[in-house]
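Novice:
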Amino acid sequence: MIKALHFGRFFSEAMGGTGRHVDELLSRLKDKIHVDNLVAAESWRGDHLCPHGYDVYRAPSLGIVASTAISPTMPLLARRLHARHHYDIVHLHLPDPMAHLAYLALPAGPRLVISWHSDIVRQKNALRIYRPLLDGLVARADAVLCATPRHQAASTQLSACRPGRLHVVPYGLDYRRFLAPEASQEARALRASQGAGPVIFALGRHVYYKGFEYLIRAMERIPGATLLLGGSGPLTPALKELAVSLGLAARVKFLGYVSDDQLPAYYHLADVFCLPSIASSEAFGLVQLEAMACGKPVVCCELGNGVTWVNRHGETGLVVPPQDPVALAEALQCLLDDPALRRSLGENGRRRALEEFSVQRMAEQTLGIYDSLVGRGGAG
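Shown next, in the form of structure tokens:
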């Protein structure tokens, strides 16, 4: 049986897109191969848990600097796990310099697989120092997995990848809870508490690249509509202040953390889903797939990457320029005013999500790459 160690960045109840992707993947792979997930804890208190049928090891952390967890014991824990299990595959989810460092502490032998989730975007000064090391890691990789062809085309940091090592493996989700009849029933109950006006739903960590500031400003131009904004983060207080200053406190509702059990109902409640991200740190947008599976049209911004490879303008939703509240408002109002267009785009989106972005397909493609690498024998 193949044994694989993933470095999945973080694992928590409110983990972001990369963590959720890793969890979806390992939850499906665990019945085929041995998989472990080594991540950074949120504090100097590591632990070991097995929430979804595979082992998650959280290494103690001193905190996060430049979006990177500082976990001095992660390399040691990685060595201990490898000594115990003798992994065939080490799978890094980049960008994550801490996982890179931990990988370098491992002995030679396991094949190296990298999932390239995004370029390093904001930490430009740190990148100048780190780039030679990153290039060396990419050149060493036996396989580099990108979720869309645009991840490679838009990247400025994958040039060191050797020919034949790059693979497109689209992200996938398990959509059963989004398609369950109970989700629509719960949505009807929520709708009764929201009033009769149209509802726009948005969800994500409240950080700069998510662009929620521009969505809130767009709400000034969409009278009668309500924005339900899920998630939280360092910008939550500033976003709440902005809504109040614009006189939108009654129409912009901050939901905070939305649990997995509640989430499908909010998608079904909404008329439109919006992903207003403004920077290429948002390279895919798993939340788009969730909305599409629920039959909702998506409005997103053109970032020149995988976001608009998922949400196709005029087919599954609408695409507008980033950092443009007026364009966001016009696109959202267009959909709110046209029920037939909403239905058409929503039906197209549901079909695209279910057919092209399934967790089963993602797991099968990943396992196929593992099989091909381990079957070759020898060190990478």
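Positions 2 to 381 (this note's numbering) are the ones given, in order, by the sequence shown. C-beta: ideal position from N, C-alpha, C; glycine also.
Is it a yes or a no for the stretch 354–366 touching the stretch 247–256, going by three-plus beta-carbon pairs under 8 angstroms?
Specialist: Too few Cβ pairs lie closer than 8 angstroms, so no.
Novice: In angstroms with no decimal places, state the Cα-to-Cα distance between Ala148 and Thr317.
Specialist: Locating residue 148 in the sequence shown gives position 147, counting from the first residue. Locating residue 317 in the sequence shown gives position 316, counting from the first residue. Approximately 18 angstroms, taken between the alpha carbons.
Novice: Locate the beta strand (DSSP E) running through Ala5, then write down its first and last residues.
Specialist: Indexing the sequence shown from 1 puts residue 5 at position 4. Taken as a continuous stretch (DSSP letters only), the beta strand (DSSP E) holding Ala5 covers 4–8.
Novice: Does Asp339 come out as helix, strand or coil in the three-state DSSP assignment?
Specialist: Position 338 of the sequence shown, counted from the start, is the residue given in the question as residue 339. The answer is coil: DSSP assigns Asp339 none of H, G, I, E or B.
Novice: By Cβ distance below 8 angstroms, which residues in the same chain neighbour Ala1 in space, the five residues on each side in sequence not counted?
Specialist: A query on residue 1 cannot be resolved here, the shown segment of the chain reaching from 2 to 381 and no further.
Novice: Could you tell me whether the stretch 115–127 touches the stretch 33–49, where touching means 3 or more Cβ pairs closer than 8 angstroms?
Specialist: Counting Cβ pairs under 8 angstroms, fewer than three are found: no touch.
Novice: Output needed for Leu342: all residues of its chain with C-beta closer than 8 angstroms, excluding positions within five of it in sequence on either side, in chain order.
Specialist: Mapped onto the sequence shown, residue 342 falls at position 341. Contacts found: Pro298, Cys335, Leu336.
Novice: Are the CB atoms of Cys301 and Val288 nearer to each other than 7 angstroms?
Specialist: One-based indexing of the sequence shown puts residue 301 at position 300. One-based indexing of the sequence shown puts residue 288 at position 287. The answer is no: Cβ separation not under 7 angstroms.
Novice: Please state whether DSSP places Val23 in a helix, a strand or coil.
Specialist: Your numbering for residue 23 matches position 22 in the sequence shown. Val23 falls in the helix class under three-state DSSP.
Novice: Taking C-alpha atoms, which residue in Ala284, Pro98, Arg85, Trp117 lies nearest to Pro108?
Specialist: As a first step, residue 108 is located in the sequence shown; it is residue number 107 there, counting from the start. Selected option, being the one with the closest Cα: Arg85.
Novice: Just confirm the distance between the C-beta atoms of Pro265 and Ala181, as a whole number of angstroms; I'd bet it's less than 8 angstroms.
Specialist: On the sequence shown, position 264 is the one that residue 265 refers to. On the sequence shown, position 180 is the one that residue 181 refers to. The pair is a contact, with the Cβ atoms about 7 angstroms apart (cut-off 8 angstroms).
Novice: In whole angstroms, what separates the C-alpha of Ala144 from that of Ser13?
Specialist: Numbered from 1 along the sequence shown, position 143 holds the residue referred to as residue 144. Numbered from 1 along the sequence shown, position 12 holds the residue referred to as residue 13. Answer to the nearest angstrom: the Cα atoms are 28 angstroms apart.
Novice: Starting from Tyr104, trace the alpha helix (DSSP H) both ways and give me its first and last residue.
Specialist: Walking along the sequence shown from the start, residue 104 turns up at place 103. Start and end: 98–105.
Novice: What first and last residue would you give for the beta strand (DSSP E) that runs through Trp310?
Specialist: Numbered from its first residue, the sequence shown carries residue 310 at position 309. No beta strand (DSSP E) holds Trp310; the alpha helix (DSSP H) holding it covers 308–311.
Novice: To the nearest angstrom, how far is the alpha carbon of Ser44 from that of Ala60?
Specialist: For the purposes of this step, residue 44 is identified with residue 43 of the sequence shown, where counting begins at 1. For the purposes of this step, residue 60 is identified with residue 59 of the sequence shown, where counting begins at 1. So the two alpha carbons sit approximately 9 angstroms from each other.
Novice: Skipping 5 residues on each side, what residues in its chain have a beta carbon closer than 6 angstroms to that of Leu374?
Specialist: Looking up residue 374 in the sequence shown gives position 373. Taken in chain order, the residues that qualify are Arg112, Asp143.
Novice: Express the C-alpha separation of Val170 and Leu191 in angstroms, rounding to a whole number.
Specialist: Against the sequence shown, residue 191 aligns to sequence position 190. Against the sequence shown, residue 170 aligns to sequence position 169. Looking at the two C-alpha atoms, the distance is approximately 36 angstroms.
Novice: To the nearest angstrom, report how far apart Leu30 and Arg218 are at their CA atoms.
Specialist: Reading the sequence shown from its first residue, position 29 is the one you call residue 30. Reading the sequence shown from its first residue, position 217 is the one you call residue 218. Going from the Cα of Leu30 to the Cα of Arg218 covers about 43 angstroms.
Novice: Tell me which residues share the same chain as Leu135 and place their Cβ nearer than 7 angstroms to its Cβ, disregarding the 5 neighbours each side in the sequence.
Specialist: Here the question's residue 135 lines up with position 134 in the sequence shown. Closer than 7 angstroms at Cβ, skipping near neighbours: Gln158.
Novice: Should the stretch 255–262 be called in touch with the stretch 359–371, which here means at least 3 C-beta pairs below 8 angstroms?
Specialist: Verdict: no, contact absent.
Novice: Thinking C-alpha only, which one of Asp261, Glu183, Tyr176 is nearest Gln361?
Specialist: Translated into positions along the sequence shown, residue 361 becomes position 360. Of Asp261, Glu183, Tyr176, the residue nearest in Cα terms is Tyr176.
Novice: Looking at C-alpha atoms only, which residue of Leu167, Ala280, Glu221 is the closest neighbour of Tyr209?
Specialist: In the sequence shown, counting from the first residue as 1, residue 209 sits at position 208. Nearest C-alpha to Tyr209: Ala280.
Novice: Please classify Cys295 as buried or exposed, where buried requires at least 16 neighbouring CB atoms within 10 angstroms.
Specialist: Translated into the one-based positions of the sequence shown, residue 295 becomes position 294. With 16 or more other Cβ atoms within 10 Å, it is buried.
Novice: Which full runs of the alpha helix (DSSP H) of 4+ residues lie inside the stretch 207–268, going along the chain?
Specialist: Qualifying alpha helix (DSSP H) stretches, in chain order: 213–219, 237–246.
Novice: In whole angstroms, give me the CA-to-CA distance for Ala67 and Tyr104.
Specialist: Within the sequence shown, residue 67 is the residue found at index 66, counting from 1. Within the sequence shown, residue 104 is the residue found at index 103, counting from 1. If you take the alpha carbons of Ala67 and Tyr104, they lie about 20 angstroms apart.
Novice: Please say whether Leu146 and His1 have beta carbons closer to each other than 7 angstroms?
Specialist: What is shown of the chain runs 2 to 381, which leaves residue 1 out entirely.
Novice: Is the Cβ-Cβ distance between Val114 and His83 less than 7 angstroms?
Specialist: Counting from one through the sequence shown, the residue named residue 114 turns up at place 113. Counting from one through the sequence shown, the residue named residue 83 turns up at place 82. It is not a contact, given that the beta carbons lie outside the stated cut-off.
Novice: When you compare each of Ser185, Arg351, Gly307, Pro133 to Gln263 by their alpha carbons, which one comes out closest?
Specialist: Locating residue 263 in the sequence shown gives position 262, counting from the first residue. Nearest C-alpha to Gln263: Ser185.
Novice: Please confirm whether Ala100 and Phe8 have their CB atoms less than 7 angstroms apart.
Specialist: In the sequence shown, residue 100 corresponds to position 99, counting from 1. In the sequence shown, residue 8 corresponds to position 7, counting from 1. Yes, these two residues count as a Cβ contact at 7 angstroms.
Novice: Per DSSP, which one or two residues make a beta bridge with Trp45?
Specialist: Position 44 of the sequence shown, counting from 1, holds the residue named residue 45. Trp45 is not bridged to any residue.
Novice: As a quick exercise: from Gly376, Thr19, Tyr58, Gly234, pick the residue whose alpha carbon is nearest that of Leu6.
Specialist: Mapped onto the sequence shown, residue 6 falls at position 5. Ranking the options by Cα distance to Leu6, first place goes to Tyr58.
Novice: What would DSSP say about Ser116, mapped onto helix, strand or coil?
Specialist: Taking the sequence shown and counting its residues from 1, one reaches residue 116 at position 115. Strand at Ser116.
Novice: If you draw a straight line from the alpha carbon of Ser28 to that of Pro224, how long is it in whole angstroms?
Specialist: Here residue 28 is taken as the residue at index 27 of the sequence shown, counted from 1. Here residue 224 is taken as the residue at index 223 of the sequence shown, counted from 1. Looking at the two C-alpha atoms, the distance is approximately 43 angstroms.
Novice: So what's Ala292 in DSSP terms, helix, strand or just coil?
Specialist: Along the sequence shown, read from residue 1 onward, the residue named residue 292 stands at position 291. Helix, per DSSP.
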